[in-house]
Amino acid sequence: METAIRGMKTPVIVIGGGWAGMTAARALALAGTAVVLIERNPYPGGRAFSFADSMTGRVLDNGQHVLLGCCTAMQTLIDDLGCHAAVRFQPALDLPVFFEDVWTRLYSHSGLHGPLHLLPGLLGYRALPFADRLRALSIGLRMRGQSGTQILDHQTFAGWLGAHHQSRIAIERLWDLVGVSVLNCRADRLSAEEALNAFRLGVLPSHRAARLGFFTRPLQDLADAMIADLLGQGVVVRLGSTVEAIEVDAGRVTGVVVNSAHIAARAVIAAVPHDGLQRLLPMTWARHAEFAAGLDFEWSGILNWYLLFQEPVWQGTVFAVADAINPFVFNRGAIFDPGGVDDGRLLGISVSDAPMAPGRMRAQLLDSLRATLERALPATRKTPLLGQRVVVQPHATFRASPGAGQARPRAHTELRGLYLAGDWTHTGWPASLEGAVRSGDLAAREVLTTESG
Ligand SMILES: Cc1cc2nc3c(=O)[nH]c(=O)nc-3n(C[C@H](O)[C@H](O)[C@H](O)COP(=O)(O)OP(=O)(O)OC[C@H]3O[C@@H](n4cnc5c(N)ncnc54)[C@H](O)[C@@H]3O)c2cc1C
Numbered sequence: 004m005e006t007a008i009r010g011m012k013t014p015v016i017v018i019g020g021g022w023a024g025m026t027a028a029r030a031l032a033l034a035g036t037a038v039v040l041i042e043r044n045p046y047p048g049g050r051a052f053s054f055a056d057s058m059t060g061r062v063l064d065n066g067q068h069v070l071l072g073c074c075t076a077m078q079t080l081i082d083d084l085g086c087h088a089a090v091r092f093q094p095a096l097d098l099p100v101f102f103e104d105v106w107t108r109l110y111s112h113s114g115l116h117g118p119l120h121l122l123p124g125l126l127g128y129r130a131l132p133f134a135d136r137l138r139a140l141s142i143g144l145r146m147r148g149q150s151g152t153q154i155l156d157h158q159t160f161a162g163w164l165g166a167h168h169q170s171r172i173a174i175e176r177l178w179d180l181v182g183v184s185v186l187n188c189r190a191d192r193l194s195a196e197e198a199l200n201a202f203r204l205g206v207l208p209s210h211r212a213a214r215l216g217f218f219t220r221p222l223q224d225l226a227d228a229m230i231a232d233l234l235g236q237g238v239v240v241r242l243g244s245t246v247e248a249i250e251v252d253a254g255r256v257t258g259v260v261v262n263s264a265h266i267a268a269r270a271v272i273a274a275v276p277h278d279g280l281q282r283l284l285p286m287t288w289a290r291h292a293e294f295a296a297g298l299d300f301e302w303s304g305i306l307n308w309y310l311l312f313q314e315p316v317w318q319g320t321v322f323a324v325a326d327a328i329n330p331f332v333f334n335r336g337a338i339f340d341p342g343g344v345d346d347g348r349l350l351g352i353s354v355s356d357a358p359m360a361p362g363r364m365r366a367q368l369l370d371s372l373r374a375t376l377e378r379a380l381p382a383t384r385k386t387p388l389l390g391q392r393v394v395v396q397p398h399a400t401f402r403a404s405p406g407a408g409q410a411r412p413r414a415h416t417e418l419r420g421l422y423l424a425g426d427w428t429h430t431g432w433p434a435s436l437e438g439a440v441r442s443g444d445l446a447a448r449e450v451l452t453t454e455s456g
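For the sequence shown, the numbering used here begins at 4 and goes up steadily by one.
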């Protein structure tokens, strides 16, 4: 059966209504292209979504999402949607760090240029012995000069750091503290090239690039605003529809199959996760190296634990813990509504690259997080909990293991009419909202240049 979209020229079809797919659809629509966006879930936003939680009685996100100041593509998009106030940035990086019952800070100095903005913060970073702070500083300054190479990509970040005189303690309490939160992968399993890229983009350039930005509204609000914008641009949006196959004839994509019906397309952008692409393609193309690459990627999980206390237990916004787990703790109440009823009461603990096994291991992790929280915020010991929710996302981001940098496929593929987007594709950015948005823009640009005429 053949389905045409009524009154529409043969469209470009975008598969996937995460931030990569939605961005691609928007860029194409703004350029005057007919677009159909097809998303499997009944809601948009992909891996960045919210839900009404019965245990806390609050709308929670599947995980606390943070932007860095360097995430300019996502910020521009949010501004374009008229949602400027949906993200609040620190003036400069300021991250309290709890370490063995002592508080210290990682911060930027806004008066110092380039990587020097980190100098006072690193020198005063009490989680590290002084000699380690000096060694971290010297390597931080040299990181900028390291350029992308296959050799670096095949090395672990931990190996690279070790070769540059960084101790195990420095890796755990500094490099992993920052790296795990940005790349969702510990240094001993992370491509050195992917890590260096992330530090070059986000941490080293300036105090503005490194500052943290917090979403002040549920993530779903933003995704819904994006869909409203797409509908306004004339994009046909089909939520709750699964693409079963991408159809190919004589080496060219001709459309997709949804509900056993063929929908013709001028071109297709597949903005699905790395393990979702191959099964959509005919066998001959599925084996092709650029489409099979994603199958070699592993998932890395993130665990979030939301806690609603009866009384306020803390007045800050965020802190990290310099230990083997490197959790980040957020005052979600303050982020959403400073001084409001949940300020200091609704906290979120986020563990990136978290051990995912359920049962005893999970219970041990939660016990250890609770013990750390009680040491860092003594008021949590005695204040009753009104509700809590653990959100486990085993498929949070692809793991940027050694070799992944070279394997990430580009937007333009060898199969005519097929383009790729998604946080795992070759953007030069870590798997993140920023990476997803940039990948969507890149794919749309490829379609517009290749398919014009
Ligand atoms: C707990 C957690 C915390 C995170 N924290 C941060 C953070 O702090 N900062 C940050 O920047 N990023 C963070 N991320 C990562 C960020 O959410 C993702 O990188 C980003 O959302 C990926 O977007 P995407 O569009 O590439 O992929 P996705 O969001 O996965 O979108 C792909 C979409 O394709 C759809 N799809 C798949 N197959 C089909 C099909 N056959 N037919 C139709 N539709 C299909 C899926 O349903 C999905 O909606 C976090 C992620 C998680 C899970």
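Positions of the beta carbon are idealized from the N, C-alpha and C atoms, including for glycine.
Treat the numbers as computed from the prediction; the structure is a model and nothing was measured.
- Shown here for ALA34: same chain residues with a beta carbon closer than 6 Å to its own, the five before and five after excluded, namely LEU451 in chain order.
- Here DSSP, grouped into helix, strand and coil, assigns SER303 to strand.
- Under the three-state reduction of DSSP, GLN281 is assigned to helix.
- Membership of TRP106 in the beta strand (DSSP E) is indicated by the continuous run 105-110.
- Residue LEU186 holds the alpha-carbon nearest to the alpha-carbon of TRP302 among LEU186, ALA27 and GLY431.
- Spatial neighbours of ALA134 in its own chain (CB-CB distance under 7 Å, excluding positions within 5 residues in sequence) are not present.
- One Cα belongs to GLU196, the other to GLY143, and the distance between them is close to 14 Å.
- Between GLN318 and SER53, the C-beta spacing is not below 8 Å.
- Taking 7 Å as the cut-off, one finds no heavy atom of ligand 1 near enough to the beta carbon of SER170.
- Assignment of PRO99 by DSSP, reduced to helix, strand and coil, places it in the strand class.
- Going by DSSP, ILE81 is part of the alpha helix (DSSP H) stretching over 75-83.
- Taking 7 Å as the cut-off, one finds no heavy atom of ligand 1 near enough to the beta carbon of THR79.
- The bridge partners DSSP lists for GLN396 are ILE305.
- Checking the 7 Å criterion, the Cβ of LEU283 is within range of a heavy atom belonging to ligand 1.
- Taken from the Cβ of TRP22, at least one heavy atom of ligand 1 lies inside 7 Å.
- Assignment of ILE328 by DSSP, reduced to helix, strand and coil, places it in the coil class.
- Between ligand 1 and GLU437, a heavy atom-to-CB distance of less than 7 Å is present.
- Setting aside the 5 residues that flank it on each side, TRP288 is surrounded in the same chain by VAL251, PHE294 and LEU418, each with a C-beta closer than 7 Å to its C-beta; the list follows chain order.
- By the C-beta criterion, the segment 349-356 is judged to be in contact with the segment 302-311, since at least 3 inter-stretch pairs fall below 8 Å.
- ALA198 is the residue among ALA198, ASP83 and PHE339 whose C-alpha sits nearest the C-alpha of ASP156.
- Inter-residue distance for LEU125 and ALA325 is about 14 Å (C-alpha atoms, whole angstroms).
- LEU70 has its CB nearer than 7 Å to a heavy atom of ligand 1.
- Taking LEU284 as the centre and dropping the five residues before and after it, the same chain places the C-beta of ILE249 and PHE294 closer than 7 Å to its C-beta, in chain order.
- Membership of HIS415 in any alpha helix (DSSP H) is not indicated, and neither H nor E is assigned to it by DSSP.
- The distance from the Cβ of ASP191 to that of ASN329 is about 13 Å, inconsistent with a contact at the 8 Å cut-off.
- Collapsing the DSSP output to three states places PHE294 in a helix.
- Looking at the DSSP output, PHE217 sits in a beta bridge with VAL69 and ARG91.
- DSSP, read as helix, strand or coil, puts PHE52 in coil.
- Straight-line measurement puts the Cα of ALA37 at about 15 Å from the Cα of GLY420.
- Selection PRO123, GLU175 and GLY117 evaluated against LEU109 yields PRO123 as nearest (Cα-Cα).
- Under the three-state reduction of DSSP output, ARG255 falls in the strand class.
- THR428 and LEU388 have their C-alpha atoms spaced approximately 42 Å apart.
- DSSP, reduced to helix, strand and coil, places GLN391 within a strand of the structure shown.
- Apart from sequence neighbours up to five positions away, the residues of its chain that approach ARG176 with a beta-carbon distance below 7 Å are PHE102, ALA130, LEU131 and ALA325, ordered along the chain.
- Not a single heavy atom of ligand 1 lies less than 7 Å from the C-beta of PRO14.
- Rounded to whole angstroms, SER113 and ALA139 show a C-alpha spacing of 20 Å.
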